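These notes are about the structure you will find just below.
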Amino acid sequence: MNKLQLADYIVFFIYFIAIAAYGCYVYQRKKAASTSSKDFFLAEGSLTWWAIGASLIASNISAEHFIGMSGSGFALGLAISTYEWMAAATLIIVAVFFIPVYLKNKIYTMPQFLAQRYNDKVSTVMAVFWLLVYVFVNLTSIIYLGALAIASISAIPFEWCIAGLCIFAVIVTLGGMKVIGYTDVVQVLVLIIGGLVTTYLALSLLAEKTGHGSNIIKGLSVLRKEAPTHFHMIFDKSNPYYKDLPGLSVLIGGMWINNLAYWGCNQYITQRALGASLPTARKGILFAAFLKLLVPVIAVLPGIVMYVLHKNGMFQQEMTDAAGHIKPDHAYPTLMNLLPPGLKGVAFAALTAAIVASLAGKANSISTIFSLDIYRKFFHREASEQQLVRVGRWAVIVAMLLAAIVTPLLRSLDQAYQFIQEYVGFISPGVLAIFLLGFFWKRTTAAAALTGALLTIPVSTVLKFLPVWTNGAFPDYPFLDRMSITFGLIVAIMIVMSLLKPRQDDDAHTIEVDTSLFRTSAGFVVASVIIIGILAALYTVFW
Numbered sequence: 341m342n343k344l345q346l347a348d349y350i351v352f353f354i355y356f357i358a359i360a361a362y363g364c365y366v367y368q369r370k371k372a373a374s375t376s377s378k379d380f381f382l383a384e385g386s387l388t389w390w391a392i393g394a395s396l397i398a399s400n401i402s403a404e405h406f407i408g409m410s411g412s413g414f415a416l417g418l419a420i421s422t423y424e425w426m427a428a429a430t431l432i433i434v435a436v437f438f439i440p441v442y443l444k445n446k447i448y449t450m451p452q453f454l455a456q457r458y459n460d461k462v463s464t465v466m467a468v469f470w471l472l473v474y475v476f477v478n479l480t481s482i483i484y485l486g487a488l489a490i491a492s493i494s495a496i497p498f499e500w501c502i503a504g505l506c507i508f509a510v511i512v513t514l515g516g517m518k519v520i521g522y523t524d525v526v527q528v529l530v531l532i533i534g535g536l537v538t539t540y541l542a543l544s545l546l547a548e549k550t551g552h553g554s555n556i557i558k559g560l561s562v563l564r565k566e567a568p569t570h571f572h573m574i575f576d577k578s579n580p581y582y583k584d585l586p587g588l589s590v591l592i593g594g595m596w597i598n599n600l601a602y603w604g605c606n607q608y609i610t611q612r613a614l615g616a617s618l619p620t621a622r623k624g625i626l627f628a629a630f631l632k633l634l635v636p637v638i639a640v641l642p643g644i645v646m647y648v649l650h651k652n653g654m655f656q657q658e659m660t661d662a663a664g665h666i667k668p669d670h671a672y673p674t675l676m677n678l679l680p681p682g683l684k685g686v687a688f689a690a691l692t693a694a695i696v697a698s699l700a701g702k703a704n705s706i707s708t709i710f711s712l713d714i715y716r717k718f719f720h721r722e723a724s725e726q727q728l729v730r731v732g733r734w735a736v737i738v739a740m741l742l743a744a745i746v747t748p749l750l751r752s753l754d755q756a757y758q759f760i761q762e763y764v765g766f767i768s769p770g771v772l773a774i775f776l777l778g779f780f781w782k783r784t785t786a787a788a789a790l791t792g793a794l795l796t797i798p799v800s801t802v803l804k805f806l807p808v809w810t811n812g813a814f815p816d817y818p819f820l821d822r823m824s825i826t827f828g829l830i831v832a833i834m835i836v837m838s839l840l841k842p843r844q845d846d847d848a849h850t851i852e853v854d855t856s857l858f859r860t861s862a863g864f865v866v867a868s869v870i871i872i873g874i875l876a877a878l879y880t881v882f883w
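Here it is, written out as structure tokens:
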């Protein structure tokens, strides 16, 4: 049956009511007598380490993982997991070197860091870049993939799915970061349990179809036997998907730029930790790193299962569009349709939890940047705390409305996950260059940072389209390698500019960076070593 049954709607309704009730409870229990901007945007001091870790994952995992990453698992295999597993290592670096600097200097937004370290020009340019990317790439892609999945397994039209997701996310977001943070704990539990149930049933189905009963261990064995090329983490140039994951670049090249920019210089990620103490923030980030190791199990494996089933002649119609083209992003919705009533409701709730949590996190960050870094600077410098919160709430509504209008334009995509990674990667090299040099090299000037900010999109664009413009005379680099080249060029330009022109008096902004900030506890070191050891084992087994 390809539609939700009464039992599924009951399960989903219970989930919806539970989230709404818990959100109201958190809002009433923890609200201050007068809501301040820091309280609304950062939940200052009220998030525990487990709430921070869960909220980090809830904001990160969305339909782009359940739908997009499963689609990439169908198309190219386990190698897409490198985004998740390398993120676990990246989170350790962020916890040690990035978060202490932000907390020491009382940073609340990423543009604020740029204003404090460089000047308002750099801050404003990057604030505008972030707002555009968050609204027109992040929000739209999440809404699109979520609406696609919901429409595929229910009787709800695609357009109504878009509207429903946006309204649900706005309701959660308007309660502020405290409501988002604590409801995210429930959302993460739901999405992990629902994801694991879906993966278990997928492997059981595969085992059953190949004559092994419902033994999931046999299902895993069949999976590796039937799709050996889908279990390599490092691609060589003969692989048709080399351009998506270019060999060792996933370990020592552009993947680090992608992940460090995302996890260390990204408002809707770092925002979870900016209102906490350093020990609490570090524990939360480490908890998120452990959870990251689980994501491929619930997001990638189902896609590989669907690839094997499709290869063996099943689900031919479900995995193609009207023109007969294979659509990898149909893998997860097709699999969900195989679940029995009730369990499909659990998977549906898990998917919705991931979508809404991620939308709420991004919308909150949009409102934070717009209110604190655009509205207060350029429209109303004397705005009261209540006015900032009010503007922030309106920013959420407007951003979600814009994203909902643009979302239907994404219907032509085959692998939305790759679309997201590539086009967010247009600004990541410049962002990381500006932040790293701002952290660790005092001579970096504001003029150099502004140049880096303005060059990142043009350089990325030229590297992407120059092979087309020159009829192949210029090398067509994989986008992760383009990120490495762009990062190297921007760093070099910023260093040369900073050396040639000494810092001016109005350029003498500093960020306090003390090596004592980077000391960690023994427990943190042990946990980090365990994570790195697990990663080393995974890459060794699936090389």
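Residue numbers for the sequence shown follow my numbering, beginning at 341 and rising by one.
Just so it is clear, CB atoms sit at the ideal spot from N, CA and C, and this is done for glycine as well.
None of the values given here were measured: they were computed from a predicted structure.
Q. When burial is assigned at 16 or more other CB atoms within 10 Å of the CB, is Leu840 buried or exposed?
A. Locating residue 840 in the sequence shown gives position 500, counting from the first residue. Exposed.
Q | Exposure label - Val635; buried when at least 16 CB within 10 Å | A | The residue given as residue 635 occupies position 295 in the sequence shown. Under this definition Val635 is a buried residue.
Q: Could you pull out every residue in the same chain whose Cβ sits closer than 8 angstroms to the Cβ of Met573, ignoring the five residues on either side in sequence?
A: Position 233 of the sequence shown, counting from 1, holds the residue named residue 573. Closer than 8 angstroms at Cβ, skipping near neighbours: Leu418, Ala419, Ser421, Thr422, Val590, Leu878, Tyr879, Phe882 and Trp883.
Q: Rank Pro681, Leu514 and Glu722 by C-alpha distance to the C-alpha of Cys364 and give the top, closest one.
A: To locate residue 364, count along the sequence shown from 1; it is residue 24. Cys364 has its Cα closest to that of Leu514, out of Pro681, Leu514 and Glu722.
Q.
Looking only at its chain, what residues have a beta carbon closer than 6 angstroms to the beta carbon of Lys461, apart from the 5 residues adjacent to it on each side?
A. Counting from one through the sequence shown, the residue named residue 461 turns up at place 121. Correct list, in chain order: Leu790.
Q: In the DSSP assignment, find the alpha helix (DSSP H) that holds Ala687 and state where it starts and stops.
A: Sequence index remark: in the sequence shown, residue 687 carries index 347 (1-based). Note, Ala687: alpha helix (DSSP H), Leu683 to Ile709.
Q) What residue does the alpha helix (DSSP H) around Tyr672 start on, and which one ends it? A) In the sequence shown, the residue the question calls residue 672 occupies position 332. Here the alpha helix (DSSP H) through Tyr672 covers Ala671 to Met676.
Q | Whether Val891 touches Val686 by CB criterion (8 angstroms) | A | Shown here, the chain extends from 341 to 883; a query on residue 891 therefore has no answer.
Q) Taking buried to mean at least 16 other C-beta atoms within 10 Å of its own C-beta, is Trp596 buried or exposed? A) To locate residue 596, count along the sequence shown from 1; it is residue 256. The residue in question, Trp596, is buried, as its Cβ has 16 or more Cβ neighbours within 10 Å.
(Q) Buried or exposed, going by whether 16 or more other CB atoms sit within 10 Å of the CB of Pro451? (A) Counting from one through the sequence shown, the residue named residue 451 turns up at place 111. Result: buried.
**Q.** Thr907, DSSP secondary structure in three states
**A.** The structure shown has nothing for residue 907, since the chain only spans 341 to 883.
(Q) Quick check on DSSP: helix, strand or coil for Met341? (A) Translated into positions along the sequence shown, residue 341 becomes position 1. Only weak support is given to the placement of Met341: the predicted model assigns it a pLDDT of 44, under 50, and the value that follows is read from those uncertain coordinates. If DSSP states are grouped into helix, strand and coil, Met341 belongs with coil.
Q. Could you give the C-beta distance for Phe312 and Leu691, rounded to a whole number, given that I count them as a contact under 8 angstroms?
A. An answer regarding residue 312 cannot be provided, because it is not within the stretch 341 to 883 covered by the chain.
Q: Identify every run of the alpha helix (DSSP H) within the stretch 383-456, keeping only runs that are complete inside it and at least 4 residues long; order them along the chain.
A: 389-400, 410-416, 422-433 and 439-444
Q: Would you check if the distance between the CB atom of Ala920 and the CB atom of Leu875 is smaller than 8 angstroms?
A: With the chain running from 341 to 883 in the structure shown, residue 920 is simply not present.
Q) Does DSSP put Ile597 in a helix, a strand or coil? A) One-based indexing of the sequence shown puts residue 597 at position 257. DSSP places Ile597 in helix when its eight states are reduced to three.
Q: Determine the contact status of Gly411 and Ile644, defining contact as a CB-CB distance below 8 angstroms.
A: For the purposes of this step, residue 411 is identified with residue 71 of the sequence shown, where counting begins at 1. For the purposes of this step, residue 644 is identified with residue 304 of the sequence shown, where counting begins at 1. For Gly411 and Ile644, no; Cβs fall outside 8 angstroms.
Q | the stretch 692-707 touching the stretch 658-676, judged by at least three CB pairs closer than 8 angstroms | A | no
**Q.** Buried versus exposed, by CB contacts within 10 Å (16 or more), Glu762
**A.** Locating residue 762 in the sequence shown gives position 422, where the first residue counts as 1. By the neighbour-count rule (16 or more Cβ atoms within 10 Å), Glu762 is buried.
Q. I think Thr674 touches Phe655, with their Cβ atoms under 8 angstroms apart; what is that distance to the nearest whole Å?
A. Working through the sequence shown from its first residue, we reach residue 674 at position 334. Working through the sequence shown from its first residue, we reach residue 655 at position 315. Between Phe655 and Thr674 the Cβ distance is about 6 angstroms, and since that is below 8 angstroms, they are a contact.
(Q) Quick check: Ala467 and Ile709, are their CB atoms within less than 8 angstroms of each other? (A) Translated into positions along the sequence shown, residue 467 becomes position 127. Translated into positions along the sequence shown, residue 709 becomes position 369. A contact, by the Cβ cut-off of 8 angstroms.
(Q) Report the CB separation of Ala542 from Leu772 in whole angstroms; it is logged as a contact under 8 angstroms. (A) For this step, residue 542 is matched to residue 202 along the sequence shown. For this step, residue 772 is matched to residue 432 along the sequence shown. Rounded, the Cβ-Cβ distance is 37 angstroms, inconsistent with contact.
Q) Is the Cβ of Val635 closer than 8 angstroms to any Cβ of chain D? A) Included in the structure is just one protein chain, with no chain D present.
Q. Quick one: is Ala373 buried, meaning 16 or more other Cβ sit within 10 Å of its Cβ, or exposed?
A. The count along the sequence shown starts at 1 and reaches residue 373 at position 33. Any reading at Ala373 needs caution, since the residue's pLDDT is 44, under 50, leaving its predicted position unreliable; the model's value is listed next. Ala373 should be labelled exposed.
Q. Does the beta-carbon of His665 have 16 or more other beta-carbons within 10 angstroms, so that it is buried, or is it exposed?
A. Taking the sequence shown and counting its residues from 1, the one referred to as residue 665 is at position 325. Under this definition His665 is an exposed residue.
Q. In this structure, what does DSSP give as the bridge partners for Thr660?
A. Here residue 660 corresponds to residue number 320 of the sequence shown, with the count starting at 1. Note: Thr660 sits in a beta bridge opposite Ile666.
Q: With a threshold of 16 other CB atoms inside 10 Å of the CB of Gln527, please say whether the residue is buried or exposed.
A: What you label residue 527 is simply residue 187 of the sequence shown in a count that begins at 1. The residue is buried, with at least 16 neighbouring Cβ atoms inside 10 Å.
Q) Which value, in whole angstroms, describes the spacing of the CA atoms of Trp781 and Tyr442? A) Reading the sequence shown from its first residue, position 441 is the one you call residue 781. Reading the sequence shown from its first residue, position 102 is the one you call residue 442. Roughly 16 angstroms separates the two Cα atoms.
**Q.** Distance between Thr810 and Met823 (C-alpha atoms, nearest Å)
**A.** For the purposes of this step, residue 823 is taken as residue 483 along the sequence shown, with counting starting at 1. For the purposes of this step, residue 810 is taken as residue 470 along the sequence shown, with counting starting at 1. So the alpha carbons of these two residues sit roughly 20 angstroms apart.
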